[in-house]
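To get the working numbering, take the position in the sequence shown, counting from 1, and add 2. Just so it is clear, CB atoms sit at the ideal spot from N, CA and C, and this is done for glycine as well. One structure is given below, encoded as structure tokens.
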Amino acid sequence: MRKTRAAAAAAGIALIAGLTACGSEKANGDGSGGGADKAGGSALQGALAALKKASTATDNQNSAKVEGVNNQTVQGKSMKTQMEGAFDWSGGGMKGEADLTMGGAGNQSAKARYLPDAMYVRPASGAPGGKPWMKYDYDVLAKKGGASGAMLKDQMQNNNPARSVQLVLASGKVKALGTETVRGKKATRYSGTISVNELTRMQSKDLSEKDLDALEKQFKQQGLEKEKIELWIDEDDLLVKKHETAKNADGSTSIDATNYYSDYGTSVKVTAPPASETTDAAAMLNGGTRQS
Numbered sequence: 003m004r005k006t007r008a009a010a011a012a013a014g015i016a017l018i019a020g021l022t023a024c025g026s027e028k029a030n031g032d033g034s035g036g037g038a039d040k041a042g043g044s045a046l047q048g049a050l051a052a053l054k055k056a057s058t059a060t061d062n063q064n065s066a067k068v069e070g071v072n073n074q075t076v077q078g079k080s081m082k083t084q085m086e087g088a089f090d091w092s093g094g095g096m097k098g099e100a101d102l103t104m105g106g107a108g109n110q111s112a113k114a115r116y117l118p119d120a121m122y123v124r125p126a127s128g129a130p131g132g133k134p135w136m137k138y139d140y141d142v143l144a145k146k147g148g149a150s151g152a153m154l155k156d157q158m159q160n161n162n163p164a165r166s167v168q169l170v171l172a173s174g175k176v177k178a179l180g181t182e183t184v185r186g187k188k189a190t191r192y193s194g195t196i197s198v199n200e201l202t203r204m205q206s207k208d209l210s211e212k213d214l215d216a217l218e219k220q221f222k223q224q225g226l227e228k229e230k231i232e233l234w235i236d237e238d239d240l241l242v243k244k245h246e247t248a249k250n251a252d253g254s255t256s257i258d259a260t261n262y263y264s265d266y267g268t269s270v271k272v273t274a275p276p277a278s279e280t281t282d283a284a285a286m287l288n289g290g291t292r293q294s
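Quick look at the structure:
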């Protein structure tokens, strides 16, 4: 189905920013969820208190540099994507710029720019239509890309790294696993496992019930039931590393993504490419242009 492929391609590129599939404002970080109430115990309460501090500290920074690797398998076909960039989440939607390397069918490099209303991708070989940039308008993807497009818009406009912490915190399903050194920084490692359906609903701020039901159906068809999230929090209460894993029973569909965060408070300045240098992905969604 061509119109969903464009949304899926955009979502795949967006995922490696480490800012999607990561919780939302619904995960308010008060540690009062049913899981926390039932579990009790000083160890759990200590972990929840530490993550609450980390959520606030990370959110208040507004920006960071991010390096990530996403190994994804869908129906037996694997793709590895690497990313290095900087992102700003200081209100009004996420902004950022990143260099991408995508493997699986031969390594391909690209640049991406993220703005509150759209994502722009510049493949090294050029975008379809003969122009250097491809534009993925979030409103168009939400309207024509099905539930996946709607989720992409929701995530890109409402998420930031702190919400990875908020998601695990709000679930109440967390444990501390000791301290480790992450790129020269002492950090405490936390782990939580969340059902994919629970994650989808917690991470989505603006999705309709119809889109949520459609996404849950997709996950069920793929056999994805749970996602494990590991977080490393440094001595300044900042998120410095995140590792997410999920797979179905036979391993034909899986996600294994690791992101590193540094240089909090870094300056991020990004502008949209000139319209004369941009091909709109809406053409692909309408079947007018084939995606390379």
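Next on the checklist: Can you give me the C-alpha to C-alpha distance between Lys67 and Ala129, rounded to a whole angstrom?
Outcome noted: Their Cα atoms are separated by approximately 26 angstroms.
Next on the checklist: For Thr60 and Ala259, what's the separation of their Cα atoms in angstroms?
Outcome noted: The C-alpha of Ala259 is placed about 20 angstroms away from the C-alpha of Thr60.
Checklist entry - What residues match up with Tyr138 in a beta bridge as DSSP calls it? => result According to DSSP, Tyr138 shares a beta bridge with Met121.
Next on the checklist: Please state whether the Cβ-Cβ distance between Gly186 and Ser173 is less than 8 angstroms.
Outcome noted: For the pair Gly186 and Ser173, the CB atoms are not nearer than the 8 angstroms cut-off.
Checklist entry - Is Asn84 helix, strand or coil when you go by DSSP? => result The sequence as given places Gln at residue 84; Asn does not occur at that position. Three-state DSSP puts Gln84 in a strand.
Next on the checklist: Could you compute how far the alpha carbon of Asp101 sits from the alpha carbon of Glu229?
Outcome noted: Asp101 and Glu229: Cα-Cα distance of roughly 27 angstroms.
Checklist entry - Candidates Ala49, Ala51, Gln77, Asn64: which alpha carbon is nearest Ser254's? => result Closest by alpha carbon: Gln77.
Checklist entry - Name the DSSP beta bridge partners of Tyr262, please? => result Beta-bridge pairing links Tyr262 to Glu69, Lys243.
Next on the checklist: One question on the structure: do Ala189 and Trp234 come within less than 8 angstroms of each other, judged by their Cβ atoms?
Outcome noted: In this structure, Trp234 lies closer than 8 angstroms to Ala189 by Cβ.
Item to check | Same chain, Cβ closer than 6 angstroms to Gly105, five either side skipped, listed in chain order | outcome: Annotation for Gly105: Lys82 place their beta carbon closer than 6 angstroms to its own, counting only its chain and skipping 5 residues before and after.
Checklist entry - When burial is assigned at 16 or more other CB atoms within 10 Å of the CB, is Gln47 buried or exposed? => result Exposed, because fewer than 16 other Cβ atoms sit within 10 Å of the Cβ of Gln47.
Next on the checklist: What does the Cβ neighbour count give for Gly93, buried or exposed, with the cut at 16 atoms within 10 Å?
Outcome noted: The residue in question, Gly93, is exposed, as its Cβ has fewer than 16 Cβ neighbours within 10 Å.
Checklist entry - Going by the CB atoms, is the gap between Thr280 and Ser65 shorter than 8 angstroms? => result With respect to the 8 angstroms criterion, Ser65 and Thr280 are not classified as neighbours on the basis of their beta carbons.
Checklist entry - Taking the DSSP output, what are the residues bridged to Val76? => result In the DSSP assignment, the residues bridged to Val76 are Lys79.
Checklist entry - With DSSP run on the structure shown, which of helix, strand or coil describes Val184? => result Of the three classes helix, strand and coil, the one that applies to Val184 here is strand, per DSSP.
Item to check | Sheet register partners of Met104 (DSSP bridge) | outcome: Under DSSP, Met104 shares a beta bridge with Thr83, Gln110.
Item to check | Residue environment, Asn109, which counts as buried when at least 16 other CB atoms sit within 10 Å | outcome: So Asn109 ends up on the exposed side.
Checklist entry - Counting only beta-carbon atoms, is Pro275 nearer than 8 angstroms to chain D? => result Structure shown: chain D not included; a single protein chain is present.
Checklist entry - For Lys249, which three-state DSSP category applies? => result If DSSP states are grouped into helix, strand and coil, Lys249 belongs with the strands.
Item to check | Asp265 versus Phe89: straight-line alpha-carbon distance, rounded | outcome: When rounded, the distance between both Cα atoms is 11 angstroms.
Checklist entry - Excluding the five sequence neighbours on either side, which residues of its own chain have a C-beta within less than 8 angstroms of the C-beta of Ser111, listed in chain order? => result Excluding sequence neighbours, Ser111 sits near Asp101, Leu102, Thr103, Met104, Pro125, Ala126.
Checklist entry - In this structure, what does DSSP give as the bridge partners for Arg115? => result Paired residues: Glu99, Tyr122.
Next on the checklist: Here's the rule I'm using: 16 or more other beta-carbon atoms within 10 Å means buried, otherwise exposed. How should Ala283 be labelled?
Outcome noted: Here Ala283 is buried, its C-beta having at least 16 other C-beta atoms within 10 Å.
Next on the checklist: Quick check: what's the CA-CA separation for Tyr116 versus Ala277?
Outcome noted: Those two C-alpha atoms are separated by around 15 angstroms.
Next on the checklist: Taking the beta carbon of Ala248 as the centre, do at least 16 other beta carbons fall within 10 Å, making it buried, or is it exposed?
Outcome noted: Classification for Ala248: buried.
Item to check | Pairwise C-alpha distance: Gly132 and Ala56 | outcome: Cα to Cα, the separation comes out at about 45 angstroms.
Item to check | Same chain only: Cβ atoms within 7 angstroms of Asp39, ignoring 5 sequence neighbours per side | outcome: Below a pLDDT of 50, predicted positions are generally treated as unreliable, and Asp39, at 43, falls in that range; no measurement from the model is reported.
Checklist entry - Does DSSP put Gly194 in a helix, in a strand, or in coil? => result The three-state secondary structure of Gly194, taken from DSSP, is strand.
Checklist entry - Where do the ends of the beta strand (DSSP E) carrying Lys230 lie? => result 228–236 is the extent of the beta strand (DSSP E) around Lys230.
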